[in-house]
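Q: If you scroll down you'll find the structure; I have some questions about it.
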Amino acid sequence: MSKASVYEAKTESFIQPILDSMNFELVDVEYVKEGGMNYLRAYIDKEGGITVDDCEVVARQMNEILDREDYIPDSYTFEVSSPGLGRPLKKEKDYVRNMNKEIEIRTYRAINKSKEFYGLLTAYDKDTVTITDEDGNETTFNKSDIALIRQALDF
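Quick note, our numbering runs 26 ahead of the 1-based positions in the sequence shown.
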């Protein structure tokens, strides 16, 4: 398990009770290095969407825990954020929430000369994802071939 994975798992275990008490959902936690700085980010959501005030309340409570537990020896910035509209599907609940909704899939390698696919999410399991395009054609992808999967954005 990488250092980042350990930090992320510990952060999840500390932040989850805070979010449960507020009926918020933990979407993801990441520990990343960007531009020479380390960031610990928690992405949260709730029915109707997360506000800046929601993020601030969670950040304040979590900062107390981070200071007390001090399990990350590196210098870092802690951020709490909404996952945004284009958030990737990562967890079981993401797939459940997006069943029969328009999904965008990008693959690592071209399949039938394309790397981008759109369709309704009609099935998934631990290894595969199936979408149905507007013509009714079903395509099943191995999750290991998917670079990005998210709800399609209509503008």
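Just so you know, even glycine gets a beta-carbon here, dropped at the ideal spot from N, CA and C.
Considering only residues of the same chain and omitting the five flanking positions on each side of Leu-92, which have a CB-CB separation below 7 Å?
A: Phe-104
Q: Beta-carbon within less than 7 Å of Gly-112's beta-carbon, same chain only, minus the 5 sequence neighbours each way: which residues are those?
A: Excluding positions up to five away in sequence, the list reads Arg-176 and Leu-179.
Q: Could you say which of Val-55, Val-84 and Ile-172 lies nearest to Asn-49 if we only look at CA atoms?
A: That would be Val-84, whose Cα lies nearest to the Cα of Asn-49.
Q: Helix or strand or just coil, what does DSSP make of Asn-138?
A: Here Asn-138 sits in coil by DSSP.
Q: In whole angstroms, what is the alpha-carbon distance linking Phe-167 and Asn-138?
A: One Cα belongs to Phe-167, the other to Asn-138, and the distance between them is close to 12 Å.
Q: Let me know if Val-58 comes out buried or exposed under the rule of 16 or more other beta-carbons within 10 Å of its beta-carbon.
A: Label assigned to Val-58: exposed.
Q: In chain order, what are the residue ranges of uninterrupted beta strand (DSSP E) at least 3 long that sit wholly in the region 80-129?
A: 103-107
Q: Taking 6 Å as the limit between beta carbons, can you name the residues of its chain near Arg-158, skipping five residues before and five after?
A: Note on residue identity: the sequence assigns Thr, not Arg, to residue 158. Same-chain partners within the cutoff: Gly-145, Leu-146, Thr-148 and Glu-164.
Q: Figure out for me which residue from Thr-37, Asp-46 and Gln-42 has the closest Cα to the Cα of Asp-96.
A: Thr-37
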